[in-house]
Amino acid sequence: MYQQRTIKCEIGCRNVGLHSGRKVSMKIRPGGVDSGISFVRTDLNGNNIVKADFQNVRGTTLATTIGLNGISVSTVEHLLSAFSGMGVDNAIVEVDSPEVPIMDGSSLPFVNLLKDVGTQTQGKCRKLLVIEKPVSVSDRDGSAKIVPSAEFRITYDIDFEHPLIGKQSYDMTFSDEVYEREICAARTFGFLKDVEYLQAKGLALGGSLKNAVVLDERRIINKDGLRCHDEFVKHKILDAIGDLSLLGMPIIGHFIAYKSGHKLNNLLLKELMEHKECWKVVTYYNGKNDQDGNMSLNVPSFKILDSINNQKPVMY
Ligand SMILES: [Zn+2]
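The sequence shown lines up with residues 2 to 317 when you count with the numbering used here.
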């Protein structure tokens with residue numbers, strides 16, 4: 002958990018794109034130390050790379066879209082969530098379309114791909130962003146805030162005017178085990194009337210009962226129902242983990258959301274970055290590299306970095 006990780010070798014998959022309804026081929030390749038997650042549009046020549054970074058978010062309607070220099074990749078959040086959940090810091094994602102394949106609407110297929118290929122440490126410690134003072138954002142419907150905590154914790158509340166959803170709440174302390182066991186299988190969900198409206202406008206053409214939980218006024222249309230009774234709020238957490246990973250490093254803090262979504266999640270990161278007095282960046286400190294050499298990776302402490310760009314480390 003202290004060192005940066007990437008995948009052991011290339012993996013790939015092919016599935017439909019949520020919006021276009023067309024097949025998308027995706028390859029995930031190992032990424033170098035400190036490189037983060039980058040998306041490459043292989044259907045375009047040159048100038049075809051977009052880094053997974055909150056500053057590159059170009060759209061938050063229905064999904065999170067990132068873009069740079071006129072090119073974009075949409076529905077990145079479920080894959081990013083899987084990377085975060087499985088502790089992958091660095092990877093290169095190649096897609097031959099403007100969107101990531103939707104798979105079954107959860108991040109479980111991506112988690113399985115990552116587990117199949119395995120991950121490896123890269124000999125350099127992770128940076129972490131530690132929250133020191135609360136930061137919050139809100140809009141007409143909901144709110145999102147992050148407050149100091151000893152670990153990455155998420156508390157999420159949703160409230161939908163639908164008899165099968167209503168109010169749901171979930172609280173978790175993040176770990177790869179909890180992510181895999183409780184969160185990654187939760188599918189995206191939508192309402193039949195919205196699906197019909199979107200498809201009439203040429204959107205969500207790939208959306209189907211194979212990749213979403215769909216509800217009409219009273220019931221769940223998918224014949225197998227839900228994977229768990231609180232699948233809705235768990236999917237919102239899955240999304241938030243993906244959206245927050247666009248910060249580029251794990252957060253040590255408590256994320257508290259009420260009816261939040263992609264837009265507020267992104268606004269929270271922007272607000273956070275504007276309030277530098279509310280956080281510090283640290284890296285795990287491996288005593289083996291220190292002059293006295295007394296510490297080991299089993300007893301990590303932190304050193305503070307004076308900026309996100311890792312300059313002039315200071316011990317504490
Ligand atoms: Zn989602």
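For every residue, glycine included, the Cβ atom is placed at its ideal position computed from N, Cα and C.
For residue i, list the residues DSSP reports as bridge partners.
{"i": "Leu69", "result": "Ile72"}
{"i": "Met173", "result": "Ile155"}
{"i": "Ile12", "result": "Ile29"}
{"i": "Val131", "result": "Ile253, Lys281"}
{"i": "Ser139", "result": "Ser144"}
{"i": "Cys126", "result": "Gln4"}
{"i": "Asp160", "result": "Lys168"}
{"i": "Val17", "result": "Lys24"}
{"i": "Thr120", "result": "Ile8"}
{"i": "Lys52", "result": "Ser39"}
{"i": "Phe190", "result": "Val214"}
Any C-beta of chain B sitting closer than 8 Å to the C-beta of residue i?
{"i": "Lys264", "result": "Checking the listed chains, one finds no chain B in this structure; it contains a single protein chain."}
Can you tell me the Cα-Cα spacing of residue i and residue j, whole angstroms?
{"i": "Cys229", "j": "Lys271", "result": "33 Å"}
{"i": "Arg275", "j": "Gly243", "result": "This sequence places Glu at residue 275; Arg is not what is there. Looking at the two C-alpha atoms, the distance is approximately 21 Å."}
{"i": "Val101", "j": "Ile67", "result": "11 Å"}
{"i": "Val234", "j": "Asn91", "result": "28 Å"}
{"i": "Arg15", "j": "Gly22", "result": "12 Å"}
{"i": "Ile72", "j": "Tyr285", "result": "35 Å"}
{"i": "Gly88", "j": "Pro31", "result": "13 Å"}
{"i": "Val118", "j": "Ala213", "result": "26 Å"}
{"i": "Ser170", "j": "Glu197", "result": "29 Å"}
{"i": "Tyr3", "j": "Lys224", "result": "43 Å"}
{"i": "Asn295", "j": "Pro149", "result": "Here the model assigns Asn295 a pLDDT of 36, short of 50, so the residue's position is not dependable, and the following value carries that caveat. Using only the alpha carbons, I get a separation of about 30 Å."}
{"i": "Phe318", "j": "Leu115", "result": "Outside the modelled stretch of the chain, which goes from 2 to 317, sits residue 318, for which no answer is possible."}
{"i": "Asn267", "j": "Gly60", "result": "10 Å"}
{"i": "Arg6", "j": "Thr156", "result": "27 Å"}
{"i": "Phe135", "j": "Ala241", "result": "First, the residue type needs correcting, since residue 135 is Pro and not Phe in the sequence shown. Those two C-alpha atoms are separated by around 18 Å."}
{"i": "Ile175", "j": "Phe153", "result": "Checking the displayed sequence, the identity of residue 175 turns out to be Phe instead of Ile. Phe175 and Phe153: Cα-Cα distance of roughly 6 Å."}
{"i": "Leu165", "j": "Lys237", "result": "16 Å"}
{"i": "Thr65", "j": "Gln56", "result": "12 Å"}
{"i": "Val179", "j": "Phe84", "result": "14 Å"}
{"i": "Ile147", "j": "Lys281", "result": "14 Å"}
{"i": "Leu130", "j": "Leu245", "result": "11 Å"}
Please report the residue range of the beta strand (DSSP E) in which residue i lies.
{"i": "Tyr198", "result": "From DSSP, Tyr198 is part of no beta strand (DSSP E) but of the alpha helix (DSSP H) over 193-201."}
{"i": "Phe256", "result": "255-259"}
{"i": "Val41", "result": "38-42"}
{"i": "Ile221", "result": "That residue, Ile221, is in no beta strand (DSSP E); it is neither H nor E in DSSP."}
{"i": "Val96", "result": "92-96"}
{"i": "Val101", "result": "Per DSSP, Val101 belongs to no beta strand (DSSP E) and is neither H nor E."}
{"i": "Gly60", "result": "58-60"}
Using 7 Å as the cut-off, classify the Cβ of residue i as near or not near the heavy atoms of ligand 1, replying yes or no.
{"i": "His236", "result": "yes"}
{"i": "Thr122", "result": "no"}
{"i": "His276", "result": "no"}
{"i": "Asp240", "result": "yes"}
{"i": "His79", "result": "yes"}
The alpha helix (DSSP H) that contains residue i, what's its start and end?
{"i": "Ala213", "result": "Taken as a continuous stretch (DSSP letters only), Ala213 belongs to no alpha helix (DSSP H), as it is neither H nor E."}
{"i": "Gly243", "result": "232-245"}
{"i": "Ser85", "result": "78-86"}
Does the beta-carbon of residue i, which I'm using as the reference point, lie nearer than 7 Å to any heavy atom of ligand 2?
{"i": "Thr189", "result": "For the structure depicted, ligand 2 is absent and the ligand set comprises only ligand 1."}
**Report entry** Inter-stretch contact at 8 Å, needing at least 3 Cβ pairs: the segment 114-129 / the segment 212-224
**Finding:** no
Query raised in the report: Would you say the segment 202-209 touches the segment 67-76, given that touching needs at least three Cβ pairs under 8 Å?
Result: no
Requested in this report: Would you be able to state if there are at least three C-beta pairs under 8 Å between the segment 93-107 and the segment 37-45?
Outcome: yes
Query raised in the report: Just checking, does the segment 106-113 make contact with the segment 250-261 on the three C-beta pairs under 8 Å criterion?
Result: no
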